[in-house]
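Enquirer: Order-wise, the sequence lines are chains P and G.
Using the numbering used here, you'd call the opening residue of the first sequence number 45 and step up by one each time.
Using the numbering used here, you'd call the opening residue of the second sequence number 15 and step up by one each time.
Take this structure first; my questions come after.
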Amino acid sequence: MSDTDEFGRVSRRVGQLFRGVLLASTLAGILTLAVLLVYVANDAFRPLTADPGWHLTFLLTFVLPTLGVGWWSYQRSYGTLTTGLLGIMLPTIAALYAGGLAALFIDVIPTLVWLSFVVAFAIPVGVVVALDRTERDIPFLAEITAVLAVTAGSLLFVPDLVQGLPTVPADWMVLVLTIGIPEALLLGRWTRGRWGRRAGLTTGAGIVVGSAVAGVLGTVTGVGAIPGVALALFAGVPTALYLSVVAIERPERRAGLLLPAVIVGGALVGELFVGALGFAGPESWVDWGFLTSTVQRGADPGAVGIYSGIVGTILLMFTVAAIAIPAGVGAAVYLEEYAPDTTVTRIIDVNISNLAGVPSVVYGLLGLGLFVRYGGAQTGTLLVGGATLALLVFPIVIISAREAIRAVPDSARQASYGMGATRWQTVKNVVLPRAFPGILTGTILALSRAIGETAPLLVIGAAQVFGVPDSWNSTVGAMPLQLYVWASTYASPAFYTTVLAAGIVVLLTAMLSMNSIAIYVRNHYEQR
Amino acid sequence: MSNGNQASDMSEGSSGDEYAVSVPEGRGRDRDADGEASTIIESRDLSVWYNDEQALQSVSMEIPEKRVTAMVGPSGCGKSTYLRSINRMNDLIDAARVEGEMLFNGKNVYDDDVDPVALRRRIGMVFQQPNPFPKSIYDNVAYGLRLQDRTENLDEKVEEALRKAALWDEVKDQLDQSGLDLSGGQQQRLCIARAIAVDPEVVLMDEPASALDPVATSKIEDLIDEMAEEFTVIIVTHNMQQAARISDKTAVFLTGGELVEFDDTDKVFENPENDRVEDYITGKFG
Ligand SMILES: Nc1ncnc2c1ncn2[C@@H]1O[C@H](COP(=O)(O)OP(=O)(O)O)[C@@H](O)[C@H]1O
Ligand SMILES: [Mg+2]
């Protein structure tokens, strides 16, 4: 140590330069993306075709109040702002998915067929519950035989029986019966646990009555009975529940609900003024006609729509989820909790990680070879497309589920084993509940990867013109495939700046909404 | 601090003073030492390896029923390994291999016909870090009973276990709150309640108080004293005074996995036979 007063200085020049470079590359990335999005959005929504008066009206009634209230909530507390944002995001995203489900019931699955299969599955489930409840000791083998026999018999005969009924319930009744009542029971239980018996009863009754009313209202107003019930059950109920939770349990954040009120109110008031004053809105390409038209080509972009693509994507998602989630999560649980640590399992480990990086075209070829060449399936059908995309996301689901399972602290497993739990009991009671949010997040992200894929669908021979599928064996398309076709086969200058841009907006909305759900789930459970 | 020649692995977050045991007055337990207790657990030449590294060397010891037996020794000497080989928690470690016998009520638990899961239902375990499940207090205590389908009179059994763990009065109005919302000491007593709710014969405790503050520690010690009325308690501790205060018998392990002294606690602390043990308990080395 020298005994001078000065410490001297340490040079930071290289570090500063490095920091500058990092900042520049970050900005470049964000800027490129922003320019691209603005460009596409401009083509899709065409805001400049609106009257200036229209813009001014909405600026005053909608934009400024929203910004003002948003800022005010943020000043109160960050929690207030997020409460408000969730209050508007939840109904919006839920309504999107409710619309998707409604499309499913309108076009693909006749409600009567749905009802018949729900009944056919409910019977064996009822038997299992009854067996579980009974006091008498039945040998395991007899039990399993009985359950299998009932399941098989029920699936064989009940659907035909139900479909042959002399009187057929209306669409909305079927939905209220098969979805509304289970939802009422489930959420009723949940609210009873939280706020007591009366709340539980109110919730249950409210859900059943509310969805029935929505069905009738939908028929009367022309929205349709199915969309009415779907919106009530999948958007209305979650929103109402969210509002109740905030109102009852988070009084300090209640002020945040002003934000959604201002957003909805502002939009309505703006609409009213614009109509009264005669200001024309923008001639947006993303409109009701675009979302619901099944026309895929032609000279007039105004007639073209993306409906077939939306329904195709939804159906593919259901198929992929039904195949990839059980298989992927199952494999993850096996590898993490059961498999011994040997060379073989280590080789499998490495290979799964590699598989996640294989280009999607290769999965398309694999699907083609596996299902069409060897399996003898038709090309381009819903089942083949779903199975191929399931192959694609399978490794991703495994990896993310394994990560979630590995994040469960070992002390939790030790506690359970130490109590004399079997492996299965430990997995069921300790590991899976704790890993669930992580598994959910990972699978949603995997699905959102799958809905953006075009190449595998092309390779398995998906048709360039596709309708709305009505069975497992009809050909199917998807939103990205539709975009690809508009940009290549039917490319015309008229399409580039019109329906293509509108399609991109729709696809991105679907993907971003899925990703935001995944992010919300992750953050929500991380806070605990 | 006491003398400066303590080995570094002794300083597990405690001051050296705790090891320099100036034997306190009235130490040892008041349990009537005259009535000789029968043996519930006995190991014969028990050796444990992790891969090729031997962690226990031919340990033979007889553990009396309904007494508190303490295991002390420097860290890494195999105390936890011994504890885990009693209820076969070592089975969960791929690298672990056991030789010799571990008799529980005269039956070797490593015999082929012994189901380790059934064994663990009779030998409960409490860990160093309190590890309640992220479930309600009630569900934590009911966990083992539900595993075994012993759900009749569940409420009473849960209450009884919480009372025995001296936790009932503190939590009786919040049974449906998460076990993780409790303080560290309460969490550990919850884990004890969870372990004793299924009426095990033996409770193994691996340094149950080493993550707790002095007040919580003394509550746990009182609790262990009461538990010995009903259960056989085997406790690992690195705190000499704690061993002296609460145990009837003390086993001293030294580095290398060797059991060097096992006798009545009074005898071990006052007049150990082995010089290395004397050095160890008076803090001369770790
Ligand atoms: N899971 C394990 N894998 C490999 N070695 C282990 C494992 N657990 C303990 N050991 C080794 O066994 C020896 C005894 O450890 P342990 O029983 O935990 O000692 P203590 O509880 O007395 O501190 C140490 O050398 C330790 O490194
Ligand atoms: Mg230890």
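Ideal placement from N, C-alpha and C gives every residue a C-beta, glycine not left out.
At least one CB of chain P closer than 7 Å to the CB of D108 (chain G): is that the case?
Expert: By this cut-off, D108 (chain G) is an interface position.
Enquirer: By Cβ distance below 6 Å, which residues in the same chain neighbour I399 (chain P) in space, the five residues on each side in sequence not counted?
Expert: Note that residue 399 (chain P) is Leu in the sequence shown, not Ile. So the list reads P439, once near-sequence residues are dropped.
Enquirer: I'd like the span of the beta strand (DSSP E) that includes R111 (chain G), first residue to last.
Expert: Element bounds for R111 (chain G): A110 to F118.
Enquirer: First and last residue of the alpha helix (DSSP H) that includes T155 (chain P)?
Expert: From DSSP, the alpha helix (DSSP H) with T155 (chain P) extends over T155 to R177.
Enquirer: Which residue marks the beginning of the alpha helix (DSSP H) containing I182 (chain P), and which one marks its end?
Expert: Note, I182 (chain P): premise wrong, no alpha helix (DSSP H); not H, not E.
Enquirer: Looking at the secondary structure, which residues open and close the alpha helix (DSSP H) in which D66 (chain G) lies?
Expert: From DSSP, D66 (chain G) is part of no alpha helix (DSSP H); its letter is neither H nor E.
Enquirer: Leaving out the 5 sequence neighbours to the left and right, which residues in its chain are closer than 8 Å to L175 (chain P) when beta-carbon positions are compared?
Expert: Cβ within range, chain order: I182, E187, A190 and V191.
Enquirer: Along the chain, where does the alpha helix (DSSP H) containing T269 (chain G) start, and where does it finish?
Expert: Segment: none, T269 (chain G) is in no alpha helix (DSSP H) and carries neither H nor E.
Enquirer: Keeping to the same chain, check which residues put their C-beta closer than 7 Å to that of A531 (chain P); ignore five residues upstream and five downstream.
Expert: So the qualifying residues of the chain are L544.
Enquirer: Give a yes or no on whether the minimum CB-CB distance between G158 (chain G) and chain P is below 7 Å.
Expert: So, interface residue.
Enquirer: Just by C-beta distance, which residues in the segment 447 to 466 of chain P are closer than 7 Å to chain G?
Expert: So the close ones are S455, A456, Q458, A459, Y461, G462, M463, G464, A465 and T466.
Enquirer: What number of angstroms, rounded off, separates the C-alpha of E67 (chain G) from the C-alpha of I107 (chain G)?
Expert: C-alpha separation (whole angstroms): 14 Å.
Enquirer: Note down, one range per segment and in chain order, each alpha helix (DSSP H) of at least 4 residues found wholly within the segment 527 to 568 of chain P.
Expert: Runs found: 537 to 540.
Enquirer: Pick helix, strand or coil for M463 (chain P), following the three-state DSSP scheme.
Expert: Three-state result, M463 (chain P): coil.
Enquirer: Out of G:R98, G:L133, G:S74 and G:V266, which one is the CA nearest neighbour of E215 (chain G)?
Expert: It is G:L133 whose Cα lies nearest to the Cα of E215 (chain G).
Enquirer: Run the proximity test for T269 (chain G): is its beta-carbon closer than 6 Å to any non-hydrogen atom belonging to ligand 1?
Expert: Not under cutoff, so the answer is no.
Enquirer: Measuring CB to CB, does P146 (chain G) end up less than 7 Å from G87 (chain G)?
Expert: No.
Enquirer: Can you check DSSP and say which residues form a bridge with P78 (chain G)?
Expert: Paired residue(s): G:T53.
Enquirer: Is N567 (chain P) close to chain G? Criterion is C-beta to C-beta, closer than 7 Å.
Expert: Chain G contact via Cβ: absent.
Enquirer: I need the DSSP call for G138 (chain G), collapsed to helix, strand or coil.
Expert: Strand, per DSSP.
Enquirer: Return yes when the Cβ of A175 (chain G) is within less than 7 Å of the Cβ of A223 (chain G), no when it is not.
Expert: It is not a contact, given that the beta carbons lie outside the stated cut-off.
Enquirer: So which residues of chain G does D385 (chain P) contact, with C-beta pairs closer than 7 Å?
Expert: In chain order: D108.
Enquirer: What does Q469 (chain P) touch in chain G if you count any residue whose Cβ is under 8 Å from its own?
Expert: Here the neighbours are L161.
Enquirer: Quick one: using the 10 Å Cβ neighbour count with 16 as the cut-off for buried, is E227 (chain P) buried or exposed?
Expert: The residue in question, E227 (chain P), is buried, as its Cβ has 16 or more Cβ neighbours within 10 Å.
Enquirer: Please return the same chain residues whose Cβ sits closer than 8 Å to the Cβ of D514 (chain P), not counting the five positions on each side in sequence.
Expert: So the qualifying residues of the chain are D151 and V152.
Enquirer: With respect to the alpha helix (DSSP H) encompassing L106 (chain G), which residues constitute its N-terminal and C-terminal limits?
Expert: Counting along the chain, L106 (chain G) falls outside any alpha helix (DSSP H), and DSSP gives it neither H nor E.
Enquirer: Name, please, each residue of chain G whose Cβ falls closer than 8 Å to the Cβ of R478 (chain P).
Expert: Within chain G, the residues near R478 (chain P) are P148.
Enquirer: If I563 (chain P) sits next to I307 (chain P), beta carbons under 8 Å apart, how far is it from one beta carbon to the other, in whole angstroms?
Expert: No, I563 (chain P) and I307 (chain P) are not in contact; Cβ-Cβ is about 21 Å, not under 8 Å.
Enquirer: Between the alpha carbons of P130 (chain G) and V250 (chain G), how many angstroms are there, rounded?
Expert: Using only the alpha carbons, I get a separation of about 22 Å.
Enquirer: Would you mind sorting T279 (chain G) into buried or exposed? The rule is 16 or more other CB atoms within 10 Å of its CB.
Expert: Buried, by the Cβ-count rule.
Enquirer: Rounded to a whole number of angstroms, what is the C-alpha to C-alpha distance between N288 (chain G) and K263 (chain G)?
Expert: Going by the C-alpha atoms only, they are around 16 Å apart.
Enquirer: Going by the C-beta, is S557 (chain P) closer than 6 Å to any heavy atom of ligand 2?
Expert: For ligand 2, not one heavy atom lies less than 6 Å from the Cβ of S557 (chain P).
Enquirer: Report yes or no: is there a C-beta of chain P within less than 7 Å of the C-beta of G142 (chain G)?
Expert: Checking the sequence, you will find Gln at residue 142 (chain G) rather than Gly. Not one chain P Cβ lies under 7 Å of Q142 (chain G).
Enquirer: Cα separation between E243 (chain G) and R136 (chain G)?
Expert: Approximately 17 Å, taken between the alpha carbons.
Enquirer: Select from the segment 62 to 85 of chain G all residues with a C-beta closer than 7 Å to any C-beta belonging to chain P, and list them in chain order.
Expert: Cβ contacts with chain P come from no residue of the segment 62 to 85 of chain G.
Enquirer: Tell me the rounded alpha-carbon separation between M555 (chain P) and T498 (chain P).
Expert: M555 (chain P) and T498 (chain P): Cα-Cα distance of roughly 14 Å.
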